[in-house]
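For the protein sequence lines, the chains are H and V, in the order given.
Take the first sequence: its position 94, counted from the start at 1, is 94 in my numbering, and no numbers get skipped.
Take the second sequence: its position 74, counted from the start at 1, is 74 in my numbering, and no numbers get skipped.
Below: the structure, in C-alpha cells.
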Amino acid sequence: AAGVIQSPRHLIKEKRETATLKCYPIPRHDTVYWYQQGPGQDPQFLISFYEKMQSDKGSIPDRFSAQQFSDYHSELNMSSLELGDSALYFCASSLAGGVGEKLFFGSGTQLSVL
Amino acid sequence: AQTVTQSQPEMSVQEAETVTLSCTYDTSESDYYLFWYKQPPSRQMILVIRQEAYKQQNATENRFSVNFQKAAKSFSLKISDSQLGDAAMYFCASYPSHGSGNTGKLIFGQGTTLQVKP
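This is the structure:
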C-alpha cells in the first residue's frame, strides 16, 4: 500500500540558509500535518492543511511557511535557519471529515543546521 | 487544551513476557481518539493501536491491547508475548474528532522507551 512520502530524507544546511521539505500524502488523503521532533523529544505540531487551506497552526516560527498544492502535496519552507531548527520533521496525512481518522506518518526528513 | 502524560520514561521487559505502558490524558472534548505510536531506532512513526473514546470496548491488535478508562482518563498499552522487535519508543497521543469542530492535531505524550531483554 502507498504510504506518505517525504523528501529529502536527510538535509544539511548552514545557518541563515533556506530549506524546503516536501510531503506527498497517501492517495485520496486530503489533510496534511507537519510535526517537528527534536532529539529525545516528542513530536510537536507545526501546521496542518485541509483541502489546500491552512486548518490549524501550532508552534511554527514565523520564519517557516507551508502550503498544500492542488495535488495535495505539501511543502514546508524554512528560512533564516538556526541551529535550533535541527530536528526530524514529520509529515502525516489523513482522510478528514469522517469517523475514525488515522494519521499516517512519513519517514521524516532529518534536518541538520551547521 | 489537551495534554497527554506518560510518566514512565523507560521500561524493560523480558522476551515473551507482558509489559504495560501507562498514559493519562486531559481533554475537554466530548469526542476524541487515542493512539499509541511506536518509533523504533529508524525513527519511523508507526501506528500501533487506536481507540475511539465513545466505544467502551478496549481496542486490540494482535499482541497489543489497551485498557481504556474514560472516567479516569487513562489509556494504557499492554504488549503480550514481547518480541525483540518491540523495542522502541512508544508515544501515547490524543486527537479530537473533526466532528467536535476541531482540526484534529495529534497531541503526543513524552514517550516511553521500551527495552526488550532476550
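No residue lacks a Cβ here, since even glycine has one placed at the ideal position from N, Cα and C.
In this text, all values refer to a predicted model and were calculated from it rather than measured experimentally.
Can you tell me which of the three DSSP states residue i falls into?
i, result
"residue 46(H)", "strand"
"residue 117(V)", "strand"
"residue 122(H)", "For chain H, the structure presents residues 1 to 114; residue 122(H) sits outside this window and is missing."
"residue 6(H)", "strand"
"residue 83(H)", "helix"
"residue 106(V)", "coil"
"residue 47(V)", "strand"
"residue 84(V)", "helix"
"residue 67(V)", "strand"
"residue 103(H)", "coil"
"residue 59(V)", "coil"
"residue 51(H)", "coil"
"residue 37(H)", "strand"
"residue 101(V)", "Note that residue 101(V) scores a pLDDT of 46, beneath 50, so its modelled location is shaky; the value from the coordinates is reported in the next line. Residue 101(V): coil per DSSP, three-state reduction."
Ends of the beta strand (DSSP E) at residue i?
i, result
"residue 54(V)", "Element bounds for residue 54(V): n/a, residue is neither H nor E."
"residue 30(H)", "That residue, residue 30(H), is in no beta strand (DSSP E); it is neither H nor E in DSSP."
"residue 95(V)", "88-96"
"residue 113(H)", "109-113"
"residue 79(V)", "74-79"
"residue 10(H)", "10-13"
"residue 16(V)", "It is not in any beta strand (DSSP E) - residue 16(V) carries neither H nor E in the DSSP assignment."
"residue 32(V)", "32-39"
"residue 70(H)", "Per DSSP, residue 70(H) belongs to no beta strand (DSSP E) and is neither H nor E."
How close, in whole Å, do the beta carbons of residue i and residue j come, if the pair is a contact with beta carbons under 8 angstroms?
i, j, result
"residue 19(H)", "residue 111(H)", "6 angstroms"
"residue 85(V)", "residue 6(V)", "About 21 angstroms; that fails the 8 angstroms criterion."
"residue 26(H)", "residue 93(H)", "5 angstroms"
"residue 24(V)", "residue 78(V)", "Not confirmed; about 16 angstroms, so no contact."
"residue 37(V)", "residue 93(V)", "6 angstroms"
"residue 90(V)", "residue 114(V)", "6 angstroms"
Tell me, which residues are paired with residue i by DSSP?
i, result
"residue 26(V)", "3(V)"
"residue 19(H)", "78(H)"
"residue 95(H)", "None, per the DSSP bridge assignment."
"residue 65(H)", "77(H)"
For a contact meaning CB atoms closer than 7 angstroms, what does residue i contact in chain V?
i, result
"residue 102(H)", "47, 50"
"residue 43(H)", "108"
"residue 85(H)", "Ordered by position in chain V, no residue passes the 7 angstroms Cβ test against residue 85(H), which lies about 17 angstroms from the chain."
Residue i: beta carbon under 7 angstroms from a heavy atom of the ligand GDP?
i, result
"residue 116(V)", "As for the ligand GDP, it is missing from this structure, which has no ligand bound."
Show which residues of chain V have a CB atom less than 8 angstroms away from the CB atom of residue i.
i, result
"residue 107(H)", "42, 43, 44"
"residue 90(H)", "45"
"residue 33(H)", "105, 106"
How would you list, in chain order, the residues of chain H whose beta-carbon sits under 8 angstroms from the beta-carbon of residue i?
i, result
"residue 85(V)", "Ordered by position in chain H, no residue passes the 8 angstroms Cβ test against residue 85(V), which lies about 18 angstroms from the chain."
"residue 91(V)", "42, 43"
Determine the chain H residues that contact residue i at a beta-carbon separation under 9 angstroms, and present them in chain order.
i, result
"residue 75(V)", "Correct list: empty, because the minimum Cβ distance to chain H is about 15 angstroms."
Cβ closer than 9 angstroms: which chain V residues qualify as neighbours of residue i?
i, result
"residue 58(H)", "105"
"residue 24(H)", "The contacting residues do not exist; residue 24(H) stays about 16 angstroms from chain V at best."
Is there a Cβ from chain B that is less than 8 angstroms from the Cβ of residue i?
i, result
"residue 12(V)", "No chain B is part of this structure, whose protein chains are labelled H and V."
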